[in-house]
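To convert, note that position 115 of the sequence shown is 221 in our numbering; the numbers rise steadily by one, no gaps. No residue lacks a Cβ here, since even glycine has one placed at the ideal position from N, Cα and C.
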Amino acid sequence: VQLVESGGGLVQPGGSLNLSCAASVSIFSFAVMAWYRQAPGKQRELVAAIASGGNTNYADSVKGRFIFSRDSARNTVYLQMNSLKPEDSAVYLCCGRRGTLTPVNYWGQGTQVTVSS
Numbered sequence: 107v108q109l110v111e112s113g114g115g116l117v118q119p120g121g122s123l124n125l126s127c128a129a130s131v132s133i134f135s136f137a138v139m140a141w142y143r144q145a146p147g148k149q150r151e152l153v154a155a156i157a158s159g160g161n162t163n164y165a166d167s168v169k170g171r172f173i174f175s176r177d178s179a180r181n182t183v184y185l186q187m188n189s190l191k192p193e194d195s196a197v198y199l200c201c202g203r204r205g206t207l208t209p210v211n212y213w214g215q216g217t218q219v220t221v222s223s
């Protein structure tokens, strides 16, 4: 299983970025797919998650600004990030979780997002 993120970069405050995570397997083989982020010196935090049935959850800090979507034909999930703030700067990682009783997480390598003027 491979997850490959792309779409990160440098953007000014108020700008937008669209992150992609391409999976080497069907995205519906995962019970949950999620985006996490980790800034230097901080713990990894959950940004958004989507269950295979389509239920989506967002961290309070990104609600109303970020949109998690998926394209099953491309085995790809996306994170559309709008109204970006400097505190959104972090490495963004895609995660796919399989299993419930003994879940296994698969991670991408991450993509850097920097919000700065």
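query                                                                                                                                                 : result
Can you give the beta carbon distance from Leu125 to Thr217, rounded, assuming they're within the 8 Å contact cut?                                    : 6 Å
Taking the C-alpha atoms as reference points, what is the distance between Phe136 and Val110?                                                         : 15 Å
Taking Phe174 and Leu185 to be in contact with their CB atoms under 8 Å, please state how far apart those CB atoms are, rounded to whole angstroms.   : 6 Å
Along the chain, which unbroken stretches of the beta strand (DSSP E) at least 3 residues long are found entirely within the stretch 126 to 166?      : 138 to 144, 151 to 157, 162 to 164
Using the Cα positions of Gly114 and Thr206, report the straight-line distance between them to the nearest angstrom.                                  : 31 Å
Are Thr220 and Leu116 touching if we call contact CB-CB under 7 Å?                                                                                    : yes
Considering only residues of the same chain and omitting the five flanking positions on each side of Gln144, which have a CB-CB separation below 6 Å? : Arg150, Ala196, Val197
Would the beta-carbon of Trp141 fall within 7 Å of that of Ala154?                                                                                    : yes
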